[in-house]
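Asker: Handing you this structure, nothing more for now.
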Amino acid sequence: MRRQIVFVLMFCACMSSYAQKHQAHGNKRENRKVTAITSAVKVNNMQREAMTSAVDRRGEALDAIESKGVDAKAAAFQKYEIEKKCHEEIVSQLSDKQIADYCNVNFAPEVTAKTEYRMSLLAEIDNDYTEEELQKMRDEIYRYLMLEKIVYYKYKYDFAKQKENINRLKAIQPASLKAALNNEKQKSYGKVVSGSVQWKQKRRR
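Shown next, in the form of structure tokens:
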């Protein structure tokens, strides 16, 4: 009898330890969203707590879907709504400056890669650029693409606002980027723009 009691107590202790470790691991995994923000942006305690709560609710909701055994397609729709709600709750806690600061840190590699791709398109149009001109174009293209990225992040699940804000941004799209996009468009038709007169005239004014 004593052996049975000891065994039950040991089993309960092991299960409790496992549950605590599993929960801690889950919290660590889920809170990566908050950590990614707070490592790039200074937030106050209220913001941190609100974002953490949003992420915790997201984790609980996702776990609930798995426990219900919902079919894959229905689960995909439910998960989308859960991610949408979590994202919008997090973004609502941040100022526009904080969102911009977060994007400038976390999306820098992606925007840099896109910038270099656009620069390669410009090189196909004209190789006769000075280093100063190239750097100026690189900087203006990077800044513009980062503005687009901020819009896409903030309104990740609101496609109407994405479209509206991207259309507004196009009014300040740099000429260098327009030239790169035009070359890309021409290439899609099997043409390569070489020595674009319109672009050169704009560049040399």
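Be aware that the sequence shown starts at 16, since it is given in our numbering, and climbs by one per residue.
The C-beta atom is built at its ideal place from N, Cα and C for all residues, glycine as well.
1) Could you check whether residue 195 and residue 136 sit closer than 8 Å to each other, using their CB atoms as the reference points?
2) Which one of 158, 92, 108 and 80 has the shortest CA to CA distance from residue 53?
3) Suppose only complete runs of 4+ residues qualify. What are the alpha helix (DSSP H) ranges in the segment 169-211, listed by chain order?
4) Let's see if you can read the secondary structure: which residues bound the alpha helix (DSSP H) around residue 70?
5) Can you tell me which of the three DSSP states residue 145 falls into?
6) Please list the terminal residues of the continuous alpha helix (DSSP H) segment that includes residue 136.
7) For the segment 130-146 against the segment 175-189, do three or more pairs of beta-carbon atoms, one drawn from each stretch, fall closer than 8 Å, so that the two count as touching?
8) In whole angstroms, what separates the C-alpha of residue 172 from that of residue 102?
9) Candidates 157, 83 and 49: which alpha carbon is nearest residue 188's?
10) Can you tell which of 159, 56, 104 and 93 has its C-alpha closest to the C-alpha of residue 68?
11) Between residue 121 and residue 132, what straight-line distance do the alpha-carbon atoms span, to the nearest angstrom?
12) Classify residue 107 as helix, strand or coil using the three-state DSSP reduction.
13) Under three-state DSSP, which class holds residue 57?
14) Using only CA atoms, which one of 86, 118, 56 and 70 lies nearest to residue 100?
15) Report yes if the CB atom of residue 164 is closer than 8 Å to the CB atom of residue 126, and no otherwise.
16) Between residue 46 and residue 73, what straight-line distance do the alpha-carbon atoms span, to the nearest angstrom?
17) Can you grab the Cα-Cα spacing for the pair residue 162 / residue 57, in whole Å?
18) Just to confirm my understanding: we take residue 119, look at its own chain, exclude 5 residues before and 5 after, and list those with CB closer than 7 Å. What are they?
Answerer: The structure says:
1) Mapped onto the sequence shown, residue 136 falls at position 121. Mapped onto the sequence shown, residue 195 falls at position 180. Taking 8 Å as the Cβ cut-off, residue 136 and residue 195 qualify as a contacting pair.
2) Translated into the one-based positions of the sequence shown, residue 53 becomes position 38. Answer by Cα proximity: 108.
3) 174-184 and 190-203
4) Position 55 of the sequence shown, counted from the first residue, corresponds to residue 70. 60-83 is the extent of the alpha helix (DSSP H) around residue 70.
5) What you label residue 145 is simply residue 130 of the sequence shown in a count that begins at 1. Reduced to three states, the DSSP call for residue 145 is coil.
6) Along the sequence shown, one-based indexing puts residue 136 at 121. Where residue 136 is concerned, the enclosing alpha helix (DSSP H) stretches over 123-140.
7) no
8) Indexing the sequence shown from 1 puts residue 172 at position 157. Indexing the sequence shown from 1 puts residue 102 at position 87. Rounded to the nearest angstrom, the two C-alpha atoms are 8 Å apart.
9) Within the sequence shown, numbered from 1, the residue matching residue 188 stands at position 173. Ranking the options by Cα distance to residue 188, first place goes to 157.
10) If you number the sequence shown from 1, residue 68 lands on position 53. Ranking the options by Cα distance to residue 68, first place goes to 104.
11) Numbered from 1 along the sequence shown, position 106 holds the residue referred to as residue 121. Numbered from 1 along the sequence shown, position 117 holds the residue referred to as residue 132. Cα-Cα distance, rounded: 19 Å.
12) For this step, residue 107 is matched to residue 92 along the sequence shown. Helix at residue 107.
13) Residue 57 sits at position 42 when you count from the first residue of the sequence shown. If DSSP states are grouped into helix, strand and coil, residue 57 belongs with coil.
14) As a position in the sequence shown, residue 100 is number 85, starting the count at 1. The candidate whose alpha carbon is nearest that of residue 100 is 70.
15) Sequence index remark: in the sequence shown, residue 164 carries index 149 (1-based). Sequence index remark: in the sequence shown, residue 126 carries index 111 (1-based). Contact flag set, yes.
16) Mapped onto the sequence shown, residue 46 falls at position 31. Mapped onto the sequence shown, residue 73 falls at position 58. Their backbone Cα atoms lie some 10 Å apart in a straight line.
17) In the sequence shown, counting from the first residue as 1, residue 162 sits at position 147. In the sequence shown, counting from the first residue as 1, residue 57 sits at position 42. Residue 162 and residue 57: Cα-Cα distance of roughly 20 Å.
18) Translated into positions along the sequence shown, residue 119 becomes position 104. Closer than 7 Å at the Cβ level, and outside the excluded window around residue 119, lie 161.
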